[in-house]
Amino acid sequence: MRFQDNWSPATLVATRDLAPGIREFILRPDGYACAPYPVGSHIKVSVFIAGQADVRSYSLVGEADPRGYRIAVRFAEDSRGGSRYLWSLQPGARLDVTSPTSLLQVDWQRQHYCLVAGGIGITPLVGAAQALMRKTPNVALHYAVRSRGDAAYLDELSPLLGDRLAVYAADQAQRLDLAGLFAGLPAGTAVLFCGPMRMLDAARAAWAACGRASSDLNYETFGSSGRLATEPFKVRLRGSGEEIIVPRDRSMLDVLNAAGHEVMADCRRGECGVCAIDVVAVEGEIDHRDVFFSEEQKHDNRKLCACVSRAHGVVTIDTLERADAL
Ligand code: FES
Numbered sequence: 001m002r003f004q005d006n007w008s009p010a011t012l013v014a015t016r017d018l019a020p021g022i023r024e025f026i027l028r029p030d031g032y033a034c035a036p037y038p039v040g041s042h043i044k045v046s047v048f049i050a051g052q053a054d055v056r057s058y059s060l061v062g063e064a065d066p067r068g069y070r071i072a073v074r075f076a077e078d079s080r081g082g083s084r085y086l087w088s089l090q091p092g093a094r095l096d097v098t099s100p101t102s103l104l105q106v107d108w109q110r111q112h113y114c115l116v117a118g119g120i121g122i123t124p125l126v127g128a129a130q131a132l133m134r135k136t137p138n139v140a141l142h143y144a145v146r147s148r149g150d151a152a153y154l155d156e157l158s159p160l161l162g163d164r165l166a167v168y169a170a171d172q173a174q175r176l177d178l179a180g181l182f183a184g185l186p187a188g189t190a191v192l193f194c195g196p197m198r199m200l201d202a203a204r205a206a207w208a209a210c211g212r213a214s215s216d217l218n219y220e221t222f223g224s225s226g227r228l229a230t231e232p233f234k235v236r237l238r239g240s241g242e243e244i245i246v247p248r249d250r251s252m253l254d255v256l257n258a259a260g261h262e263v264m265a266d267c268r269r270g271e272c273g274v275c276a277i278d279v280v281a282v283e284g285e286i287d288h289r290d291v292f293f294s295e296e297q298k299h300d301n302r303k304l305c306a307c308v309s310r311a312h313g314v315v316t317i318d319t320l321e322r323a324d325a326l
């Protein structure tokens, strides 16, 4: 497990609007050496929100680019402020970035790969498609968007995948039928999924209903996507009874750390579980936005990932030491 990030100062060298509300940013660290990175890699980026330094994590788009690290950011009104900050930047802006890291496990020995993206979830799958297509032609990408104009990176994906790229535009009544898709996959197909939490829930249910091995469904989601609307909520500390408000534009992790309670973190994307906190009681509802805990664990509500998960109401948590049984 990593705890140490390797930060470098970087320059925003270019931006490009990919679709309404989706902008690409190319971030070039000082002394950048264009080196390959694993499929599914992401970087952390320093941001300023309401005058406070903060960190956001973004998937790298495509394989290593000689111009710098490529990320794409959807402008999200309902976000914690990271997208608003990045969208305010012009080329030449300076910021800090980490080296790429990946938690995604790809089994390179498979004969068939199925990639499934929802919305901005296309970002990590561009590089996955490029890398996998060098290995086998048996790669298909299914990409669900609200409208075809919202689909990013078709200029790169169409020539790469040809008719193995399928785009489903909801406004044209083109639904991605996950159950039908999964049922028709050859045995042993590995699926890489990235999309919003609701779509991930549907994908996991469809995958299980097909009787496929859960380890063959690899997925990521993004911490800004939950089942409940993003609202302020209250955290109560057992013992001291201290109560802390988590505003809608900050994470529970950041608020607890700012209040002097040291909560460890690593990925800040709900993937590694390092920030897991023991939950004692819930008055209201927890909105688990991580992909670390199983559905059963989320249902139990005994732990939550403070970097991405939120709540409606009041969550009472245990001592702020790292949960010992991850
Ligand atoms: S820091 Fe990795 S899940 Fe929260």
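Under UniProt numbering, the sequence shown has 49 at position 49, and the numbering climbs by one with no breaks. In this text, a Cβ means the ideal position worked out from N, Cα and C, and glycines have one as well. Bear in mind the structure is a predicted one, so any value in this text is a computation, not a measurement.
Taking 7 Å as the cut-off, does the CB of residue i come closer than this to any heavy atom belonging to the ligand FES?
i	result
Ala265	yes
Glu271	yes
Cys305	yes
Val274	yes
Asp290	yes
Arg268	yes
Quick check on this structure: which residue in the options has the alpha carbon closest to the alpha carbon of residue i?
i	options	result
Val13	Phe182, Leu125, Ala265 and Asp30	Asp30
Glu32	Val235, Val97, Leu141 and Gly284	Note that residue 32 is Tyr in the sequence shown, not Glu. Tyr32 has its Cα closest to that of Val97, out of Val235, Val97, Leu141 and Gly284.
Glu156	Leu18, Gly188 and Gly195	Leu18
Ala50	Val280, His312 and Pro247	Pro247
Pro100	Val47, Glu285, Asp266 and Arg74	Asp266
Asn257	Cys307, Asp171, Tyr153 and Arg164	Cys307
Val39	Thr123, Ala276, Ser8 and Arg84	Thr123
Ala190	Thr136, Met199, His112 and Pro66	His112
Gly313	Gln297, Leu304, Leu192 and Glu283	Glu283
Ser41	Arg28, Ser83, Tyr69 and Val279	Tyr69
Ser83	Val47, Ala206 and Gly211	Val47
Arg236	Gly270, Asp290, Phe25 and Ile317	Ile317
Cys114	Arg227, Ala203 and Leu95	Ala203
Ser240	Ser8, Arg250 and His261	His261
Cys272	Ala53, Thr11, Leu178 and Phe292	Phe292
Phe75	Asp171, Lys298, Arg23 and Met264	Arg23
Gly188	Asn138, Leu304 and Ala35	Asn138
His299	His288, Arg212 and Tyr219	His288
residue 335	Leu161, Ala152 and Gly184	The structure shown does not extend to residue 335, since the chain is modelled only from 1 through 326, so no value can be given for it.
Ala64	Tyr37, Leu89 and Ala53	Tyr37
Ser309	Gly270, Ala205 and Arg198	Gly270
Arg56	Arg80, Ser215, Arg146 and Ala229	Arg80
Are residue i and residue j closer than 8 Å when you measure CB to CB?
i	j	result
Gly127	Val61	yes
Ala140	Arg164	yes
Ala117	Gly180	no
residue 337	Ala166	Any answer about residue 337 is impossible in this case: the structure gives the chain only from 1 up to 326.
Arg250	Lys44	no
Trp87	Val73	yes
Cys210	Ala183	yes
Leu125	Leu27	no
His276	Lys303	First, the residue type needs correcting, since residue 276 is Ala and not His in the sequence shown. In contact: Ala276 and Lys303 (Cβ atoms closer than 8 Å).
Thr15	Gly92	no
residue 337	Arg110	Residue 337 lies beyond the stretch modelled for the chain, which goes from 1 to 326, so this question has no answer here.
Val315	Val279	yes
Asp216	Asp54	no
According to DSSP, residue i sits in a beta bridge with which residue or residues?
i	result
Lys303	Asp278
Ala128	Ala128 pairs with nothing; no bridge assigned.
Ile122	According to DSSP, which records beta bridges pairwise, Ile122 is partnered with nothing at all.
Arg310	Asp287
Tyr143	Ala117 and Val167
Is it the case that the CB of residue i approaches a heavy atom of the ligand ZN more closely than 7 Å?
i	result
Met199	This structure simply doesn't include the ligand ZN; it includes the ligand FES instead.
At what residue ranges does the UniProt domain "FAD-binding FR-type" (5 to 107) contain a whole run of the alpha helix (DSSP H), taking only runs of 4 or more? Entirely contained in the UniProt domain "FAD-binding FR-type" (5 to 107), the alpha helix (DSSP H) runs reaching 4 residues are, in chain order, 82 to 87.
Identify every run of the alpha helix (DSSP H) within the segment 177 to 228, keeping only runs that are complete inside it and at least 4 residues long; order them along the chain. List check, alpha helix (DSSP H) in window: 178 to 183 and 197 to 209.
Going residue by residue through the segment 235 to 270, where are the continuous beta strand (DSSP E) segments of at least 3 residues, counting only ones entirely within it? 243 to 246
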